[in-house]
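Notes to accompany the following structure.
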Amino acid sequence: MTDTEVASAELTRAEARVLDVIDEHALVDKLVTMIRVPSMTGNDAESDLQHWHAAQLAALGFDVDTWKLDLGNLAAHPDHPGTEAPRVEGYGVVGVLGPVGIPALVLQGHVDVVPTGDLDQWDDRNPWSGAIRHNAVHGRGACDMKAGLAANLAIAHALVVSGVKLERPFALHAVISEEDGGLGAFATMLRGHRGEAAVITEPTSG
């Protein structure tokens, strides 16, 4: 048997059902959609992408908590992580699927991206194109970390479409302000959204 066949043989029936319905084309489409939202840390598009995430999760049947961050109260907190970018508003988004209880697993990702830098370094001077060339998606945030967010949504979609029954809750967190301190994750924890284990689907940690 090949390594792939051995791995497949070790999957449970439920695991195989989930993997079978992962829609790679939809994953790429969502990634391109997110890249085209210019959500540099601290700007209004950060909020736009958070509301988009909330709508995506609600459409899948997740129990969604969307809230406006109280920036003043957060800044006064003794454990405030600090921020660098000016920000007039921010939103947190958490979706939970499955029975009531503490999530067994949290997938988390941030919607904000760093500034575009020199536009002359971008094809067509457009860092928000989401263009697909040579089997790769191009644009600011493609790697850091909108691809991870798209993967999280693909997993959420597969869990729902496969019809598997979750024994424990599963949660997705979309946060802001990762690039300038981590305020979004901090606010999410303070709101009480936690889990027994978490995976941050960012491929840029080394």
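Start counting the sequence shown at 3; every next residue gets the next number (my numbering). Don't be surprised by glycine CBs; every beta carbon is placed ideally from N, CA and C. Since we're looking at a predicted model, the values are computed, not measured.
Backbone secondary structure at residue i - three-state DSSP
i: V113; result: coil
i: T35; result: helix
i: H136; result: coil
i: H82; result: coil
i: H175; result: strand
i: I157; result: helix
i: K167; result: coil
i: T68; result: strand
i: G74; result: helix
i: A106; result: coil
i: L13; result: coil
Exposed unless 16 or more other CB atoms sit within 10 angstroms - verdict on residue i
i: D125; result: exposed
i: L21; result: exposed
i: M3; result: Below a pLDDT of 50, predicted positions are generally treated as unreliable, and M3, at 43, falls in that range; no measurement from the model is reported.
i: N154; result: buried
i: G143; result: buried
i: P88; result: exposed
i: G111; result: buried
i: L51; result: buried
i: E48; result: buried
Of the listed residues the options, nearest to residue i (C-alpha basis)
i: L71; options: V90, A61, H55; result: V90
i: D182; options: P117, A16, A47; result: P117
i: H140; options: M42, G97, R38, I178; result: R38
i: A209; options: Q58, D46, M42, R15; result: A question about residue 209 goes unanswered here, because the residues of the chain that appear run from 3 up to 208.
i: V102; options: E169, N45, L174; result: E169
i: L161; options: L62, I202, G92; result: L62
i: V95; options: S164, A187, A199; result: A187
i: L29; options: A158, S41, L185; result: A158
i: G184; options: S49, T35, V163, H82; result: H82
i: D31; options: D120, A152, R19, F64; result: A152
i: V201; options: R135, S41, L109; result: L109
Residue i and residue j closer than 8 Å at C-beta
i: A224; j: H53; result: The structure shown does not extend to residue 224, since the chain is modelled only from 3 through 208, so no value can be given for it.
i: L33; j: K148; result: yes
i: R193; j: I104; result: no
i: D67; j: V115; result: no
i: I238; j: V113; result: Shown here, the chain extends from 3 to 208; a query on residue 238 therefore has no answer.
i: E80; j: G150; result: Position check: residue 80 holds Pro in this sequence, whereas Glu was assumed. Taking 8 Å as the Cβ cut-off, P80 and G150 do not qualify as a contacting pair.
i: A16; j: L107; result: no
i: G44; j: L73; result: no
i: L174; j: G97; result: yes
i: S131; j: R19; result: no
Nearest-angstrom Cβ-Cβ length linking residue i and residue j, presumed shorter than 8 Å
i: L76; j: F172; result: Not really, about 27 Å apart at Cβ, beyond 8 Å.
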